[in-house]
Amino acid sequence: MKKNGFSVIGKPLPRIDGPAKCAGDTRYADDMVLPRMLFSRLLRSPHPHALVHGVSARRALELPGVHAVITGADVPTKFGIMPSTQDEEALAVDKVRYVGDPVAAVAAVSEDVAQEALGLIDVDYQVLDPILSIEGALAAEDHRIHTWNRRANIQKAVSFEFGDVDAGFAEADEVFEGTYFFQGNTHLPMEQYCALATYTPDGKLTLWSSTQTPHYVHRALSRVLDLPMGHIRVVATPVGGGFGGKSDPFSHEIAVAKLAMITGRPVKITLNREESFYVHRGRHPVKMWMRTGVKRDGTLTGMWFRSFLDGGGYSSYGLATVYYTGALQTVTYELPAYKFEGVRVFTNKPPCGPKRGHGTPQPRFAMEVQLDEIAEKLGLDPVEMRLKQVVAPDSVTVNGLRVSTIGLRECIEKVAVRSGWKDKHRALPDGHGIGFAASSYISGAGLPIYWNDMPHSGVQLRADRGGGVTVFCGSTDIGQGSDSILAFAVAEELGLRPEDVRVVTADTDLTPVDLGSYSSRVTVMTGNAAIQACGNLKERLFEVASEVLEVPADDLEMEEGQVRSRSLPDRGLAFAECVERAETRFGTLGATGSYRPPRHPGDYKGAGVGPTPSYSYSAAVVELQCDGDTGEIRIDKVWIAHDCGRAFNPLWVQGQVEGSVYMALGEVLMEEQIFRKSGVHKIPSILEYKSPTTLETPPIETILVETDDPEGPFGAKEAGQGPLLPVIPAVSNAVFDAVGVRIHEIPITPDKILRALDQRLKDPAVPDFAFPTPIRWTPGQGVEVPQKS
Amino acid sequence: MSDSETLTGKRLMRLRVNGEPQEVAAHVTHSLLEVLREEMGLTGTKHGCELGECGTCTVLVDGEPIYSCLMLAVEAEDRDVTTVEGLALQSRPHPLQRAFSDLGAAQCGYCIPGILLAAKALLDKQPNPARPDIEEALSGNLCRCTGYTKIIEAVEQAVGEMRG
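Residue numbers (my numbering), protein chains in the order written: chain R, 11 to 799; chain W, 43 to 206.
Printed below as a string of structure tokens:
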């Protein structure tokens, strides 16, 4: 930090992209038009499960205005986001696995003609019985959705035992068990999927796409199209909402790229809203069973957690998701022994993937509701019970995760005080309730999706002789403000104003790799890379300035557009002049920086999911009304406290927290991705897939707790996903406080409340399943790794 | 002239958008949304469903907020259409635009043009709205990023500024 503290970090300044977005001037993917552009549509399977014996495009190709039709035979190479589960085809080669699975793609002069052509493509399907439930997938041992996986319809089964769980339960005064179900839901970004490809006469392909992960799309295009990565340029356009839903390489991206290569013309595709529900990659439906042992005072002695994930038709991120359902239970409260078993199955539904919180909201719901029940049964205050056992800073959890700073205690205390918890809990009138829960999330995945030791984020910096600075980074602004993070980090380091820093991002031709906008990784990783790049540039600037100003280089700082002496503040050199002198001395000025997360102690197979540079922490209190006659819930207010390390910019962090609370309320009250027995989505429209409007969104009081994390850029942690987590169980706990029923299912809809009040709502059933023999690991076995803190 | 069809089956339409009279050839079956975006290049108006469900494509027609995906372009002939491109006075942003930008009410920004116009329609009629009035006026516009909190605060800030 500079002598006078930060100049732009921590201040409620506007984002750099605000004026353009509010002027309607930001160019999203579908706003792009190229000369000679063709339009594409995808033919999608009407069957949830069928063999494809043949596809004939003959009639479609005869339609005037149709330029090309491609099928699975044109793009047969399998791909997928995770290297070990490459089980997707851009267009079905011989089988479709969900209603909506793409089968053929058309390029035509207009969307209308492309749509008409879809009706002229003949597909010879042999319809198979669909598998539509977790139980169905586990039972159908002779009926497989995929053939590459070892056990029928099981994508991945995992099992771990950390510490001695039997001893933990033996030591307990009471052991509690419960079953839980979290229904799937979808991201519903306001911008639908869209991509535009062009293949130029020099044999180079460019794809513009609304994607959160241009680098992974780049890799997938190269693999499927058999082009060198150096001949492909992927540009992520400003993303009109992602929330995890635009993190996979998609069929429509590969299809327009191939069609552009075939036709020699630009080809654009924009999916409609109904298709977006089928592309999905959203929250997994998860059935859960959880057993917790406690001392009479509420101290946890052991926990055993099982999760059953309904993955849909393909793997997507599912390998990571199944691990995430079990990884982060340990980082909030001291837990001496923990057993986790998880399984993800294939079903004939749209593939599930990462949605805000990725695999952790479901188990956090189960855990925080069970803790509330335990407190109730033991006659303890649920807030006090948790406060007694908050994880210590600079400690290692039973599953080998290293916690550095932890602001959980302060988060819990602050929401309790601000909400008036003590006076309200079990004391509100009938039909009014208050509930509490807490949680944690990662500030970026500790490992990349494909195994390598390269940086997770890279930044290049250019200083122009006129004093202009441009920062180049592969990061992708999906609305979370990552472009602004770069501008502010560079402005802070170089003593400039954010508006004086140009930002170029998310373009594989122009920017160094950043892995993408997922796992809440961007602020921590690009921020650190940017600081390092600035440090490298400053070395040269300080060398020159030190001679001109006749002060030692370590006495120099950059502030207010100057390089100046700390000890003799009247000695300063304008930034532009300093750059000019440095360019004269060294030649063209540029600098790079990069970032790779630190390792964690866990060294068992599967320890790659859970580690992160830092854990964020959140606590929420929800006050609501629940009408016992109608089952309707009205949220009166949400208090949320979030440990964001340092608030990089309080306005932006508040915005992320508020958005997380909103999305959580949608999930807990109304949103569900549900299917008919035919495999058809029940409600694939915004009218029927309810999400909260201004009228359902309550006042949200946001409290930022700052811990100044040593691994974070300027001390920052994540803010975009973690705050979603505690809100969902807090609503469930508040419903109990209001009307005395426990709802173990998400969403908590009026019909479930009425059935529970009539004692007709059964706890969810979980399947029988023989999990693999657990991998056993205890702390102390892992490698000790040097850390910044 | 307005009855004439072009070779591609388009019809010449007269639209008045952001105060400028314009002639544009478009299919009679195409929505105002499609014609604004595809025939006139006014891509500031976004689409989220094209079924009248999300409010993203909101524009003003004779001062009233409408879903431009549900109105045929021919229905808007000889009426005053205002899109987000027409909000600023030359290069000076409207107070709503400034407040939304200053408070970070635009995250992904995709729903913002529609919300700005719905808010403008409210303020044109009701210069001092209470918070429930704002919530009601914006209840037809979905936003998935912000939880509406900063959006509502921005409208209130703009109200304050416009009152001077």
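C-beta atoms are modelled at their ideal positions from N, C-alpha and C, and glycine is treated no differently.
Residues near residue i by beta carbon distance below 7 Å, same chain, minus five either side
{"i": "M43(W)", "result": "Confidence at M43(W) is low in this model, with a pLDDT of 41, below 50, so its placement is unreliable and no value can be given for it."}
{"i": "V133(R)", "result": "V62, V65, V113"}
{"i": "T87(R)", "result": "R233, V234"}
{"i": "G725(R)", "result": "G655, R656, D718, D719"}
{"i": "F685(R)", "result": "L142, K359, H691, K692"}
{"i": "R644(R)", "result": "L634, Q635"}
{"i": "Q125(R)", "result": "R51"}
Reference residue i; option with closest CA among the options
{"i": "T407(R)", "options": "L128(R), A147(R), H610(R), I26(R)", "result": "H610(R)"}
{"i": "C91(W)", "options": "R283(R), S169(R), L418(R)", "result": "R283(R)"}
{"i": "G28(R)", "options": "S494(R), M271(R), P238(R)", "result": "S494(R)"}
{"i": "I19(R)", "options": "F781(R), M680(R), R656(R)", "result": "R656(R)"}
{"i": "C544(R)", "options": "T602(R), G750(R), M673(R), D433(R)", "result": "T602(R)"}
{"i": "V76(R)", "options": "E285(R), L44(R), I272(R), A149(R)", "result": "I272(R)"}
{"i": "A270(R)", "options": "V116(R), K772(R), V137(R), V751(R)", "result": "V116(R)"}
{"i": "G722(R)", "options": "F781(R), L559(R), A540(R), K548(R)", "result": "A540(R)"}
{"i": "Y324(R)", "options": "N163(R), Q542(R), E145(R), L148(R)", "result": "N163(R)"}
{"i": "P836(R)", "options": "A246(R), G430(R), N195(R)", "result": "As shown, chain R starts at 11 and ends at 799. That puts residue 836(R) outside it, with no answer to give."}
{"i": "T188(W)", "options": "G417(R), R154(R), T704(R), R786(R)", "result": "T704(R)"}
Own chain, CB closer than 8 Å to residue i, minus 5 neighbours either side, in chain order
{"i": "L159(W)", "result": "T100, V101, L102, P107, T124, T125, V126, L129"}
{"i": "I176(W)", "result": "A161, L164, I194, V197, E198"}
{"i": "K398(R)", "result": "D307, G308, T309"}
{"i": "S17(R)", "result": "A501, E502, G505, E569, E570"}
{"i": "S133(W)", "result": "none"}
Enclosing alpha helix (DSSP H) for residue i [first to last residue]
{"i": "M673(R)", "result": "660-679"}
{"i": "M204(W)", "result": "191-205"}
{"i": "T521(R)", "result": "From DSSP, T521(R) is part of no alpha helix (DSSP H); its letter is neither H nor E."}
{"i": "V266(R)", "result": "261-273"}
{"i": "K636(R)", "result": "A small fix is needed here, since residue 636(R) is Cys in this sequence, not Lys. Note, C636(R): premise wrong, no alpha helix (DSSP H); beta strand (DSSP E) at 625-636."}
{"i": "T533(R)", "result": "532-559"}
{"i": "C588(R)", "result": "585-596"}
{"i": "D474(R)", "result": "D474(R) -> no alpha helix (DSSP H), and no H or E assigned at all."}
{"i": "H228(R)", "result": "224-235"}
{"i": "F172(R)", "result": "Element bounds for F172(R): not the alpha helix (DSSP H) but the beta strand (DSSP E), 164-172."}
Nonlocal neighbours in the same chain, by C-beta distance under 6 Å from residue i, ignoring five residues either side
{"i": "A555(R)", "result": "L566, V573, L583, C588"}
{"i": "V532(R)", "result": "S485, S492"}
{"i": "G352(R)", "result": "V168, S317, V332, T335, G336"}
{"i": "A30(R)", "result": "T36"}
{"i": "P392(R)", "result": "D382, A385, F446"}
{"i": "Q490(R)", "result": "G730"}
{"i": "K700(R)", "result": "M680"}
{"i": "V70(W)", "result": "R53, V116"}
{"i": "Q470(R)", "result": "F482, P522, T602"}
{"i": "A46(R)", "result": "According to the sequence displayed, residue 46(R) carries Arg and not Ala. Here the set comprises R275."}
{"i": "C204(R)", "result": "A39, D40, S220, T280"}
{"i": "E378(R)", "result": "A447, P739"}
Integer-rounded CB distance, given that residue j should sit under 8 Å from residue i
{"i": "M313(R)", "j": "G188(R)", "result": "Not really, about 12 Å apart at Cβ, beyond 8 Å."}
{"i": "V266(R)", "j": "S220(R)", "result": "The pair is not a contact, with the Cβ atoms about 12 Å apart (cut-off 8 Å)."}
{"i": "G146(W)", "j": "R243(R)", "result": "Wrong, their Cβ atoms sit about 31 Å apart, outside the cutoff."}
{"i": "Y108(R)", "j": "G322(R)", "result": "6 Å"}
Terminal residues of the beta strand (DSSP E) in which residue i lies
{"i": "M55(W)", "result": "53-59"}
{"i": "R512(R)", "result": "511-515"}
{"i": "K647(R)", "result": "643-653"}
{"i": "Q202(R)", "result": "From DSSP, Q202(R) is part of no beta strand (DSSP E); its letter is neither H nor E."}
{"i": "S50(R)", "result": "48-54"}
{"i": "K21(R)", "result": "Note, K21(R): premise wrong, no beta strand (DSSP E); not H, not E."}
{"i": "R765(R)", "result": "First-last for R765(R): 760-767, but that is the alpha helix (DSSP H), not the beta strand (DSSP E)."}
Check: residue i C-beta below 7 Å from any heavy atom of the ligand ATP
{"i": "L734(R)", "result": "Among the components of this structure there are no ligands whatsoever, and the ligand ATP is therefore not found."}
Proximal residues of chain C, C-beta to C-beta of residue i below 7 Å
{"i": "E177(W)", "result": "The structure shown contains no chain C; its protein chains are R and W."}
According to a CB-to-CB cut-off of less than 7 Å, which residues of the region 691-707 of chain R neighbour chain W? Listed by position along the chain: S695, I696, L697, S701, T703, T704, L705, T707.
Which residues of the region 140-167 of chain W have a Cβ closer than 7 Å to any Cβ of chain R? Give them in chain order. Of all residues in the region 140-167 of chain W, those with a C-beta nearer than 7 Å to a C-beta of chain R are F142, S143, D144, L145, G146, A148, Q149, C150, G151, Y152, C153, I154, P155, L158, reading in chain order.
With 9 Å as the C-beta to C-beta threshold (strictly closer), list the residues of the region 113-137 of chain W near chain R in chain order. Residues of the region 113-137 of chain W with a C-beta less than 9 Å from any C-beta of chain R: T125, V126, E127, L129, A130, P135, H136, listed in chain order.
Contact list for the region 178-195 of chain W against chain R, Cβ threshold 9 Å: Look at the region 178-195 of chain W: the residues with a C-beta under 9 Å from a C-beta of chain R are E178, A179, L180, S181, G182, N183, L184, C185, R186, C187, T188, G189, Y190, T191, K192, I193, I194.
With 9 Å as the limit, tell me which residues of the region 29-41 of chain R have their beta carbon closer than that to any beta carbon of chain W; keep them in chain order. Listed by position along the chain: P29, A30, K31, C32, A33, G34, D35, T36, R37, Y38, D40, D41.
When Cβ atoms are compared, which residues of the region 248-269 of chain R fall closer than 9 Å to chain W? Cβ contacts with chain W come from P248, V249, G250, G251, G252, F253.
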